[in-house]
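Scroll down for the structure; my scribbles are underneath it.
Protein chains: 2
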Amino acid sequence: MIIALAGGVGGAKLANGLAQLCDPADLLIAINIGDDFSHLGLHISPDLDSVMYRLAGLNDTERGWGLANESWRFMEALQRLGGPDWFNLGDQDLATHIERTRLLNSGVALSEATTHLSRALGIRHHIAPVSDDPVRTIVKTAGDDLPFQDYFVRLQCAPSVSGFAFEGADQAELLPDLRDALSDSRLAAIVICPSNPYVSIEPMLAIPALRRILENRSVPCVAVSPIIGGDTVKGPAAKMMRELGAAPSSTAVAAYYEGLIDGLVIDAVDEKEATKIKAMGVAPFVTTTLMKSDADERALADAVLSFAAGLCK
Amino acid sequence: MIIALAGGVGGAKLANGLAQLCDPADLLIAINIGDDFSHLGLHISPDLDSVMYRLAGLNDTERGWGLANESWRFMEALQRLGGPDWFNLGDQDLATHIERTRLLNSGVALSEATTHLSRALGIRHHIAPVSDDPVRTIVKTAGDDLPFQDYFVRLQCAPSVSGFAFEGADQAELLPDLRDALSDSRLAAIVICPSNPYVSIEPMLAIPALRRILENRSVPCVAVSPIIGGDTVKGPAAKMMRELGAAPSSTAVAAYYEGLIDGLVIDAVDEKEATKIKAMGVAPFVTTTLMKSDADERALADAVLSFAAGLCK
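Protein sequences appear in the order of chains A and B.
Counting in this note's numbering, the first sequence runs from 234 upward without gaps.
Counting in this note's numbering, the second sequence runs from 234 upward without gaps.
Right, here's the structure in full:
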């Protein structure tokens with residue numbers, strides 16, 4: 234059995250690769266909820282949706298987020314009414330938010346709502362929020378402390394970042410299914426997907442129980458670096474690294490996850506970093522990490538699983 | 234100054250006719266809120282929307298409700314997710330409900346939200362809910378007591394009606410703007426639009442202050458019969474009349490409003506009822522009441538205003 238920690242588009246891609254290889258009973262995809270927020274009265278879970286839409290084969294590949302074949306009549310009408318229009322919500326995507334919010338308001342847990350929505354979209358694999366309790370990422374900047382979506386969407390990642398806080402993480406209970414899977418004798422490896430370490434993975438690691446389990450893991454934990462040639466494929470990870478004083482590199486990713494991972498998968502263009510990473514006590518594995526197709530996702534997932542299988546904890 | 238009481242599609246049409254004739258400062262359109270309900274976490278006000286969309290020239294004339302040039306991508310996606318799909322919400326229409334709900338949840342009164350939305354759609358006339366307090370129509374049937382939209386949309390008006398209740402009406406405070414307009418020395422007439430007497434007008438009359446003011450009015454009150462040739466143009470008014478033991482007719486409408494109206498506008502096809510209506514102490518006025526165009530709406534409004542102007546209270 235494999236546990237994957239995922240958030241964002243890169244995470245959704247590798248999760249989809251793993252889903253192509255693993256039986257539904259043998260994979261748990263635990264997803265970041267630090268991006269979740271309340272907007273227009275709706276509970277929006279961007280990372281859950283990215284993974285869900287990707288696994289359902291419904292994601293938009295050009296735009297990089299949301300649903301393919303989307304329309305924007307709602308947003309146009311909302312603009313006409315002078316409503317808050319800084320966060321784009323597609324007409325189809327809106328159904329996900331409205332139905333999820335309806336389920337949550339009726340007393341259903343986020344994990345249960347996620348399973349319900351996933352099943353409705355034909356997904357057989359287990360997609361789960363890392364916790365049913367709220368965790369909210371706050372981006373600390375030279376100016377204000379910003380709720381994540383204010384930073385990410387409204388301000389388009391423009392402010393310089395000085396740190397992060399994860400509201401609720403201290404009190405959040407690790408999702409029981411995830412906690413059980415982490416101690417399951419069938420567990421073979423934990424995979425940290427190529428997601429933003431600061432705002433996709435850290436909000437999960439900020440839940441004390443998860444960090445403690447990863448620190449004391451008895452199976453290999455392998456991360457895939459989201460940095461390729463000093464930059465990210467998408468998102469502000471490289472910009473954040475620079476602002477926090479680190480040159481964007483897979484080496485910096487290895488350092489960030491120190492004590493939590495046994496191996497790091499890096500891209501072939503960063504092969505020269507392998508020695509440095511190895512010296513940090515993290516096994517490097519060099520391959521192509523850029524995922525442009527189902528086949529790429531599957532190939533990377535295959536490489537990650539083989540790599541993890543050969544590692545000792 | 235004119236006050237119009239309106240609900241539903243017929244009400245929206247005559248309201249639009251009046252708006253074509255009256256300056257914005259000289260017309261208050263007070264609207265039924267008995268149809269309002271909460272669905273998918275949204276506050277939906279069908280009658281407010283019908284009038285608003287009509288006055289903005291955005292209403293769909295073929296379907297008879299909602300917005301023209303509407304699309305249904307949200308509903309399709311909601312169906313795919315297995316969400317409650319018995320109440321159709323167009324992609325553009327959804328923006329009205331979401332923005333209204335957002336305003337209400339931020340502490341704005343329904344009347345203020347209505348003004349805000351109306352202005353955004355370019356409406357200069359004053360459209361207002363009859364109260365900022367909730368009034369909810371319950372349809373009593375042989376079986377269950379049904380919330381209005383369950384009866385009207387989910388069950389397509391199939392159950393036989395035995396009566397009505399208007400939850401909250403007893404406690405509802407008449408909208409201050411309406412109360413003030415009703416005692417304004419400039420008030421020339423009150424117009425009850427050709428709306429369903431039981432479920433569009435009665436939920437307003439069930440507010441004790443409004444009924445009391447109408448009973449003690451010092452200006453003419455004129456209704457337009459929604460019955461033409463023993464049937465309605467749209468909606469269940471005639472069916473309800475039959476189920477409640479009255480033959481659907483303008484005479485029955487006159488009887489229903491007894492003590493509240495001084496005149497009743499009836500269609501030319503019902504001219505023979507004029508004598509009976511007159512005998513009830515209600516002045517009849519015969520004209521064409523079917524409204525198929527802007528011009529029809531304007532012509533009927535013009536006839537209603539002239540008729541009212543010639544009546545004494």
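Don't be surprised by glycine CBs; every beta carbon is placed ideally from N, CA and C.
Chain B contact for residue i (CB, 9 Å cutoff)
| i | result |
| --- | --- |
| Thr374 (chain A) | no |
| Glu345 (chain A) | no |
| Arg313 (chain A) | yes |
| Phe307 (chain A) | yes |
| Leu275 (chain A) | yes |
| Thr334 (chain A) | yes |
| Pro481 (chain A) | no |
| Gly323 (chain A) | yes |
| Asn338 (chain A) | yes |
| Leu547 (chain A) | Past the boundaries of the shown model lies residue 547 (chain A); chain A is included only from 234 to 546, so the question cannot be answered. |
| Ala402 (chain A) | no |
| Ala353 (chain A) | yes |
| Ser350 (chain A) | The sequence as given places Leu at residue 350 (chain A); Ser does not occur at that position. Yes, because at least one Cβ of chain B sits closer than 9 Å to the Cβ of Leu350 (chain A). |
Nearest neighbour of residue i, chosen from the options [CA to CA]
| i | options | result |
| --- | --- | --- |
| Ile460 (chain B) | B:Met234, B:Tyr431, B:Asp365 | B:Tyr431 |
| Ile235 (chain B) | B:Gly267, B:Ala488, B:Leu314, B:His358 | B:His358 |
| Leu533 (chain A) | A:Arg313, A:Gly543, A:Asp500, A:Glu345 | A:Asp500 |
| Leu354 (chain B) | B:Leu408, B:Asp282, B:Leu493, B:Phe385 | B:Asp282 |
| Gln382 (chain B) | B:Gly243, B:Ser271, B:Lys505 | B:Ser271 |
| Lys467 (chain B) | B:Ile262, B:Leu497, B:Cys390, B:Ala375 | B:Cys390 |
| Gly462 (chain B) | B:Ala402, B:Met473, B:Pro481, B:Arg445 | B:Pro481 |
| Ala422 (chain A) | A:Val486, A:Ala456, A:Asp377, A:Asp366 | A:Ala456 |
| Ile264 (chain A) | A:Ala252, A:Ala237, A:Ala289 | A:Ala237 |
| Asn249 (chain A) | A:Ala470, A:Met474, A:Ile360, A:Ala328 | A:Ile360 |
| Thr374 (chain B) | B:Ser395, B:Leu388, B:Met524 | B:Ser395 |
| Leu388 (chain B) | B:Leu411, B:Ile434, B:Ala310, B:Phe320 | B:Phe320 |
| Lys511 (chain A) | A:Asp377, A:Asn338, A:Thr484, A:Arg335 | A:Thr484 |
| Arg412 (chain B) | B:Pro380, B:Ile446, B:Met524 | B:Ile446 |
| Ile356 (chain B) | B:Met308, B:Asn449, B:Val284, B:Arg475 | B:Val284 |
Closer than 9 Å to chain A by CB, residue i
| i | result |
| --- | --- |
| Gln397 (chain B) | Checking the displayed sequence, the identity of residue 397 (chain B) turns out to be Phe instead of Gln. Closer than 9 Å: no. |
| Ser304 (chain B) | yes |
| Asp268 (chain B) | no |
| Pro436 (chain B) | no |
| Asp326 (chain B) | yes |
| Gly299 (chain B) | no |
| Leu523 (chain B) | no |
| His358 (chain B) | no |
| Pro317 (chain B) | yes |
Classification of residue i by the beta-carbon crowding that lies within 10 angstroms, buried from 16 upward
| i | result |
| --- | --- |
| Arg296 (chain A) | exposed |
| Ser278 (chain B) | buried |
| Pro257 (chain B) | exposed |
| Pro441 (chain A) | exposed |
| Pro517 (chain B) | buried |
| Glu303 (chain B) | buried |
| Lys246 (chain B) | buried |
| Gly496 (chain A) | buried |
| Arg333 (chain B) | buried |
| Arg335 (chain B) | buried |
| Ala541 (chain B) | buried |
| Ser526 (chain A) | exposed |
Whether residue i touches residue j by CB criterion (9 Å)
| i | j | result |
| --- | --- | --- |
| Cys454 (chain B) | Ala239 (chain B) | no |
| Arg531 (chain B) | Leu314 (chain B) | no |
| Ser458 (chain B) | Asp503 (chain B) | yes |
| Leu408 (chain A) | Val363 (chain A) | yes |
| Gly244 (chain B) | Ser428 (chain B) | yes |
| Met513 (chain B) | Ala488 (chain B) | yes |
| Val242 (chain A) | Val424 (chain A) | no |
| Gly316 (chain A) | Ala289 (chain B) | no |
| Leu261 (chain B) | Asp410 (chain B) | yes |
| Val452 (chain A) | Tyr490 (chain A) | no |
| Asp280 (chain B) | Asp269 (chain B) | yes |
Residue-chain proximity (residue i, chain C), Cβ-Cβ < 9 Å
| i | result |
| --- | --- |
| Ala456 (chain B) | Among the protein chains of the structure shown, namely A and B, there is no chain C. |
Proximal residues to residue i (C-beta, below 8 Å), its chain only, five neighbours per side dropped
| i | result |
| --- | --- |
| Gly543 (chain A) | none |
| Leu300 (chain B) | Tyr286, Leu291, Asn292, Asp293, Gly323, Gln325, Asp326 |
| Arg444 (chain A) | Leu438, Leu493 |
| Asp417 (chain A) | Met234 |
| Trp305 (chain A) | Asn321, Gly323, Asp324 |
Neighbourhood of residue i by C-beta distance below 6 Å, restricted to the same chain and skipping five residues each side
| i | result |
| --- | --- |
| Val368 (chain B) | Ile266, Gly267, Phe399, Gly401, Ala402, Ala405, Pro436 |
| His330 (chain B) | Leu275, Ile277 |
| Leu343 (chain A) | Pro362, Asp365 |
Sequence-distant residues of its chain with Cβ nearer than 7 Å to residue i (five each side left out)
| i | result |
| --- | --- |
| Val519 (chain B) | Ile499, Ala501, Glu504, Ala507 |
| Asn338 (chain A) | none |
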